[in-house]
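Student:
There are 2 protein chains.
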Amino acid sequence: MDEVTGLELRSTVDEGGTLTLSLEPVTLSPPQGDELIVRVEAAPINPSDLGLLLGPADVATLEKGGSPDRPELRFQVPRERIGGVRARLGQSLPIGNEGAGTVIAAGPEAQALLGRTVGMMGGAMYAQYRKLRARDVVPLPDGAKAADGAAMFVNPLTALSFVETARQEGHHAIVHTAAASNLGQMLQKICLADGVPLVNVVRSEAQAALLRDIGATHVLDSRAEDFRRRLADAIAETGATIAFDAIGGGTLGSDVVQAMEQAANRRATEYSRYGSNVFKQLYIYGALDTAPTTLNRLAFGFQWSVSGFLLTPWLQKAGRETVARMRQRVVNELTTTFASRYTRTIGLAEALDPEVLRAYERKATGEKYLIDPTR
Amino acid sequence: MDEVTGLELRSTVDEGGTLTLSLEPVTLSPPQGDELIVRVEAAPINPSDLGLLLGPADVATLEKGGSPDRPELRFQVPRERIGGVRARLGQSLPIGNEGAGTVIAAGPEAQALLGRTVGMMGGAMYAQYRKLRARDVVPLPDGAKAADGAAMFVNPLTALSFVETARQEGHHAIVHTAAASNLGQMLQKICLADGVPLVNVVRSEAQAALLRDIGATHVLDSRAEDFRRRLADAIAETGATIAFDAIGGGTLGSDVVQAMEQAANRRATEYSRYGSNVFKQLYIYGALDTAPTTLNRLAFGFQWSVSGFLLTPWLQKAGRETVARMRQRVVNELTTTFASRYTRTIGLAEALDPEVLRAYERKATGEKYLIDPTR
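In order, the protein sequences belong to chains F and H. Going by our numbering, the first residue of the first sequence is number 1, and it counts up by one from there. Going by our numbering, the first residue of the second sequence is number 1, and it counts up by one from there.
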C-alpha cells in the first residue's frame, strides 16, 4: 500500500496569545511491523479533550477564518493565563484521546486485523487517518459499530479504575460527585454488578432520577438544605471512606471528607482531639469547577489525604495484567455497562463551526458529541 | 511501697460550654509487673498540648476560681465550636504528652530502673506522679537532667519521622514551613548530618538568621516580594518533592506544591496539559493558621497528594525496629541535635496563673515553657 494523506485537527497557541484551531494535511507512510493505519470513523469529545483543544482561551473572543473545507478558528488567551501554557507555545498539537474505525492497512505482523473495526487510544484521533501499533487497539466484537467502540477507553477504564483503586487501598464503599455523568452511570452499573456500595452526589432531581432508574440506592442532591446531614448518614450506612470528585473547586470535596469523619466519630467510643483513626481518601479527577479547592481540614482529624487522579499514569502503575482484565470487561459489556449515548454526530470541519463549538464546549450533563471524520 | 497521691492537671468541658482547668488529687496504687511510678520533674508545653488543654475555648473569657494551692480557671467555648468537642463533653481529661522525672517505685520486673532519670511519653504528664510501663520510658544517659529529656519524644521523633517518610516514599529533598521552630531546628540538624537537602520557609529575617547559624543553606522568607520565584529556584536546585507544613491554613502549602510543579516543568521536554509526571507530596502536621487550606490545584498537574500527618499513628505503622532506632538516636544526640531551650520553667499551679497561661498560650516562635511539678 502507498502512503495515505488525511486532515488532522490541530490546536496551536502562539507567543502573542492567539490560539488557532485548524485542519492540517498529514501524510502517513505505509505501516511496518505491527503498525496499522485506521480510518477514523468515530471519536468522542470528552471534557479532557476540550482542555487541550481550547486550553485557557476565552471562547467569547472566537473569530472565524480559513475556507469552508479548511476552516480555521482563532481565540485569544487572556494574558494572565499564558504562563500556564508556556510549555506548548508554538507547538501544533493534535487532539482526541480515543476513537474507533476500520483498519485499512497493516504491517506484516498485524495482517489479522486488516478490515476489522477497532477501538483506539493514544491521542490525535480527531483526524481522517491514524497510524498506531496493534497493541494500542482493541478489535470490537462482531456486529459492533465504530460508534460503539469510540469511547471504550477513557470513561470505562476510569470508572473501573475507581473500583480497582478502592479495592487496592482497602476501602469498602465509594462516594462519587457529578455522579450522573456518562462516567458516573458506568460507575453505578459496575458497583451494582460488583456489590460495592456507592453514594452518588448530584446537583438536580433530574440527575437523581436518572441514577435511580439504573438502580442507584444512595443518591443525594447537593443543593438540598439537609445535604450535609444526609451525606453523613449515607456514609455511615455504607462505610464509604474513599471519594472520587469531578468538581474539584470549592468545598464539596471537603464536605465529603468531613462527612466521612463525622460518620467515623459516630462509632467512636473515646474522645481524641486528633480525630478518628479512620483513613479518608479524596481523589480529584476533574475540574468542572476551576476555583481553588477549599479544605476545612480541622474537621477531618489527621487521617486523610486529598490527591490528584489521572487515568494514564494509573494504568501504567496498575500493570499489564490488570489493564488487560479491565479492557476485556469493557469489550464484554460494550453495549450494556459501557454504552455511551451521543446527542449529536458531527464531521471534522463541523467541529470548527462556531455554533457547533459553542454547543459542545458547554459540557452540559447528558450532552455528548461524536466526531465522524468520514462525513 | 504504699500508694502515692499527687495532683494532676485536668481540662473539662461541660454541657453548657464552660471549659474548666483544675488540679485534681490522683492516687496511684503500687506498681505491679513492669510498672513504674515516676515523680514528674519536667514536662514541656507543646502546641499539641494546648489543643487539648484549652480546646476551642475563647481565652479572652478567662475567669479565675479555686484557691492558691488548688487554682481553677474557667473559659467559655463559643457556641458554634461546641460541635467539634462534643465527644469530650463531661470528661475530666489529663494533659501533657511527654515529660521526664525520677523513678521512685518499680514493679518486680522493672527494679533496674529504680532511681533512674527517665524520659516518658503517653499523656497525663502535667502531674506530680505518673504510673506507666517500663517500655514507655527511656532512661537518660548519665549526667542528663530531667529537663534534658522532657521533650525527647514529640519534636525529636517528629523531625526524624519527616526524614524517614521522605526516604520511604522516595523523595530526595524536603521543604519545611515554620522552619525556625524548635522542631525545625532539629530537622535542619538531622538533614545536615544525613545529607538531605532542606528548604526552610520562615516568616522573618530573625528566624532566617537563626537557621543559617546552625548551617542552613536554603532559607526563604515567605514575606519577601520574590518569595514564590525563589521558592521554585530552591526546589529546582534541591529537587525537593515532599513538604511538611506546620501552618495548614491559607495558601502557603499550595504555593509549595505549585513551586514543585514549576520546578519539574523547567526540566520537562514535552508539553502535557496534565502537568508533570513528578509526584509531589504535602503533609500538613500543624495548624498555626486555623483558616481553611486553599489549594490552587490547577497549577499542580495531577501527580500530587495533600495529607494529614500525625506522629502517633505514624510510629504505629513504622514498626518497633524503626522506632527503637529513632529513639536510640535521640538518646545519643540528646544534648546536641535534640536539645530544647526553655525560656521559662513554671510549677503545676503556676500553669493555671492567668498571666502565665496567656503568655504560653501565644505560641510565639522561640518561646518554650517547661512545667516542673516539684516546684
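Note that beta-carbon positions come from the ideal geometry of N, C-alpha and C, so glycine has one too.
(1) Determine whether the beta carbon atoms of F/Asp289 and F/Ile346 lie at a separation below 7 Å.
(2) At a Cβ cut of 8 Å, what residues of the stretch 298-318 of chain F count as close to chain H, listed as they run along the chain?
(3) H/Tyr271 versus chain F: which residues are under 7 Å apart at the beta carbon?
(4) In whole angstroms, what separates the C-alpha of F/Leu183 from that of F/Thr158?
(5) When the Cα atoms are used, what is the spatial distance from H/Ser11 to F/Ser48?
(6) So what's F/Ile182 in DSSP terms, helix, strand or just coil?
(7) Using the Cβ count rule (16 or more neighbours within 10 Å means buried), how would you classify H/Ser254?
(8) Counting only the same chain and skipping the five closest in sequence on each side, list residues whose C-beta sits under 8 Å from that of F/Phe302.
(9) Verify the CB distance criterion: does H/Pro197 have a CB-CB separation below 7 Å to chain F?
(10) Name the one or two DSSP bridge partners that F/Asn200 has.
(11) Any chance you could list the alpha helix (DSSP H) runs of at least 4 consecutive residues sitting entirely within the stretch 127-160 of chain H, in chain order?
(12) Buried or exposed for H/Ile214, please, with buried defined as at least 16 other CB atoms from any protein chain shown within 10 angstroms of its CB.
(13) Quick one: which residues of the stretch 15-38 of chain H get their C-beta closer than 8 Å to a C-beta of chain F? List them in chain order.
(14) Tell me the residue span of the beta strand (DSSP E) that contains H/Gln32.
(15) If we ignore side chains and look at the alpha-carbon of each, how far apart do H/Ile95 and H/Gly249 end up?
(16) Got a sec: is the Cβ-Cβ distance from H/Tyr274 to anything in chain F below 7 Å?
(17) Would you give the residue range spanned by the alpha helix (DSSP H) that F/Asp213 belongs to?
(18) Which two residues bound the contiguous beta strand (DSSP E) that contains H/Pro108?
(19) Can you give the Cα-Cα distance for H/Val85 and H/Arg325, rounded to whole angstroms?
(20) Cα-Cα, which of H/Gly101, H/Asp148, H/Glu237 and H/Asn97 is closest to H/Leu50?
(21) Using the rule of at least 16 other Cβ atoms within 10 Å of the residue's Cβ for burial, across every protein chain shown, is H/Asn200 buried or exposed?
(22) Is the beta carbon of F/Asp226 sitting closer than 7 Å to the one on F/Val202?
(23) Could you name the residues of the same chain whose beta carbon sits closer than 6 Å to that of F/Ser305, not counting the 5 residues immediately before and after it, in chain order?
(24) So, does the CB of F/Gly51 fall closer than 7 Å to a CB anywhere in chain H?
(25) I need the DSSP call for F/Pro47, collapsed to helix, strand or coil.
(26) In angstroms, rounded to a whole number, what distance separates the CA positions of H/Leu23 and H/Leu352?
(27) Short check: CB of H/Ile45 to CB of H/Tyr360, under 7 Å?
(28) With DSSP run on the structure shown, which of helix, strand or coil describes H/Lys317?
(29) Along the stretch 110-129 of chain F, what residues have a CB closer than 7 Å to any CB found in chain H?
(30) State the beta-bridge partners of H/Glu367 as determined by DSSP.
(31) Since F/Val40 contacts F/Pro373 with CB under 8 Å, what's their CB separation in whole angstroms?
(32) Which word fits H/Thr117, buried or exposed, when buried means at least 16 other C-beta atoms lie within 10 angstroms of its C-beta?
(33) For H/Pro141, tell me which candidate among H/Leu334, H/Arg320 and H/Ala105 has the shortest Cα-Cα distance.
(34) Taking the C-alpha atoms as reference points, what is the distance between F/Pro197 and F/Val59?
(35) Specify whether the stretch 26-36 of chain H and the stretch 328-344 of chain H touch according to this definition: at least 3 beta carbon pairs, one from each stretch, less than 8 Å apart.
(36) Please name the residue or residues paired with F/Thr251 in a DSSP beta bridge.
Tutor: Concretely, from the data shown:
(1) Your numbering for residue 289 of chain F matches position 289 in the first sequence. Your numbering for residue 346 of chain F matches position 346 in the first sequence. Against a cut-off of 7 Å, the Cβ pair of F/Ile346 and F/Asp289 comes out as no contact.
(2) Leu298, Ala299, Phe300, Gly301, Phe302, Gln303, Trp304, Ser305, Val306, Ser307, Gly308, Phe309, Leu310, Thr312 and Pro313
(3) For the purposes of this step, residue 271 of chain H is taken as residue 271 along the second sequence, with counting starting at 1. Going along chain F in sequence order, the residues near H/Tyr271 (Cβ under 7 Å) are Ala87, Arg88 and Gln91.
(4) As a working mapping, residue 183 of chain F is identified with position 183 in the first sequence. As a working mapping, residue 158 of chain F is identified with position 158 in the first sequence. Each residue's Cα considered, the two are about 8 Å apart.
(5) Within the second sequence, residue 11 of chain H is the residue found at index 11, counting from 1. Within the first sequence, residue 48 of chain F is the residue found at index 48, counting from 1. About 53 Å.
(6) Translated into the one-based positions of the first sequence, residue 182 of chain F becomes position 182. In the sequence on display, residue 182 of chain F carries Asn and not Ile. Note: F/Asn182 maps to helix in three-state DSSP.
(7) Start at 1 with the first residue of the second sequence, and residue 254 of chain H comes out as number 254. With 16 or more other Cβ atoms within 10 Å, it is buried.
(8) Taking the first residue of the first sequence as position 1, residue 302 of chain F is located at position 302. Correct list, in chain order: Tyr274 and Gly275.
(9) Indexing the second sequence from 1 puts residue 197 of chain H at position 197. Not an interface residue.
(10) Here residue 200 of chain F corresponds to residue number 200 of the first sequence, with the count starting at 1. Paired residue(s): F/His176 and F/Val219.
(11) Listed in chain order, the alpha helix (DSSP H) runs fully inside the stretch 127-160 of chain H are 146-149, counting runs of at least 4 residues.
(12) Numbered from its first residue, the second sequence carries residue 214 of chain H at position 214. With fewer than 16 other Cβ atoms inside 10 Å of its own Cβ, H/Ile214 counts as exposed.
(13) none
(14) Along the second sequence, read from residue 1 onward, the residue named residue 32 of chain H stands at position 32. Per DSSP, H/Gln32 belongs to no beta strand (DSSP E) and is neither H nor E.
(15) The residue you call residue 95 of chain H lines up with position 95 of the second sequence. The residue you call residue 249 of chain H lines up with position 249 of the second sequence. H/Ile95 and H/Gly249 have their alpha carbons spaced roughly 25 Å apart.
(16) The residue labelled residue 274 of chain H in the question sits at position 274 within the second sequence. For H/Tyr274, the answer is yes, since a Cβ of chain F falls inside 7 Å of its Cβ.
(17) Working through the first sequence from its first residue, we reach residue 213 of chain F at position 213. Counting along the chain, the alpha helix (DSSP H) containing F/Asp213 begins and ends at Glu205 to Asp213.
(18) Residue 108 of chain H sits at position 108 when you count from the first residue of the second sequence. Careful: H/Pro108 lies outside any beta strand (DSSP E) and carries neither H nor E.
(19) Translated into positions along the second sequence, residue 85 of chain H becomes position 85. Translated into positions along the second sequence, residue 325 of chain H becomes position 325. Distance between the alpha carbons of H/Val85 and H/Arg325 is about 36 Å.
(20) Taking the second sequence and counting its residues from 1, the one referred to as residue 50 of chain H is at position 50. Answer by Cα proximity: H/Asn97.
(21) Indexing the second sequence from 1 puts residue 200 of chain H at position 200. That one is buried.
(22) Translated into positions along the first sequence, residue 226 of chain F becomes position 226. Translated into positions along the first sequence, residue 202 of chain F becomes position 202. Result no, Cβ atoms of F/Asp226 and F/Val202 do not sit closer than 7 Å.
(23) Along the first sequence, one-based indexing puts residue 305 of chain F at 305. If we look at F/Ser305 and ignore the five residues flanking it on each side, its Cβ neighbours are Gln281.
(24) Looking up residue 51 of chain F in the first sequence gives position 51. Output row for F/Gly51: interface = yes.
(25) In the first sequence, counting from the first residue as 1, residue 47 of chain F sits at position 47. Annotated three-state conformation of F/Pro47 is helix, per DSSP.
(26) Translated into the one-based positions of the second sequence, residue 23 of chain H becomes position 23. Translated into the one-based positions of the second sequence, residue 352 of chain H becomes position 352. Distance between the alpha carbons of H/Leu23 and H/Leu352: 9 Å.
(27) Taking the first residue of the second sequence as 1, we reach residue 45 of chain H at position 45. Taking the first residue of the second sequence as 1, we reach residue 360 of chain H at position 360. Yes, Cβ-Cβ distance for H/Ile45 and H/Tyr360 is below 7 Å.
(28) The sequence position of residue 317 of chain H within the second sequence is 317, counting from 1. Helix.
(29) none
(30) Position 367 of the second sequence, counted from the start, is the residue given in the question as residue 367 of chain H. DSSP, once it has assigned bridges, lists no residue as partnering H/Glu367.
(31) As a first step, residue 40 of chain F must be located in the first sequence, where it is residue number 40. As a first step, residue 373 of chain F must be located in the first sequence, where it is residue number 373. Right, the Cβ-Cβ distance comes to about 5 Å (below 8 Å), so this counts as a contact.
(32) For the purposes of this step, residue 117 of chain H is taken as residue 117 along the second sequence, with counting starting at 1. That one is buried.
(33) The residue labelled residue 141 of chain H in the question sits at position 141 within the second sequence. When each option's Cα is compared against that of H/Pro141, the closest is H/Leu334.
(34) Residue mapping note: residue 197 of chain F aligns to position 197 of the first sequence, counting from 1. Residue mapping note: residue 59 of chain F aligns to position 59 of the first sequence, counting from 1. If you take the alpha carbons of F/Pro197 and F/Val59, they lie about 40 Å apart.
(35) Counting C-beta pairs closer than 8 Å gives fewer than three between the stretch 26-36 of chain H and the stretch 328-344 of chain H, which falls short of the contact rule.
(36) As a first step, residue 251 of chain F must be located in the first sequence, where it is residue number 251. BP columns for F/Thr251 are empty, so no partner.
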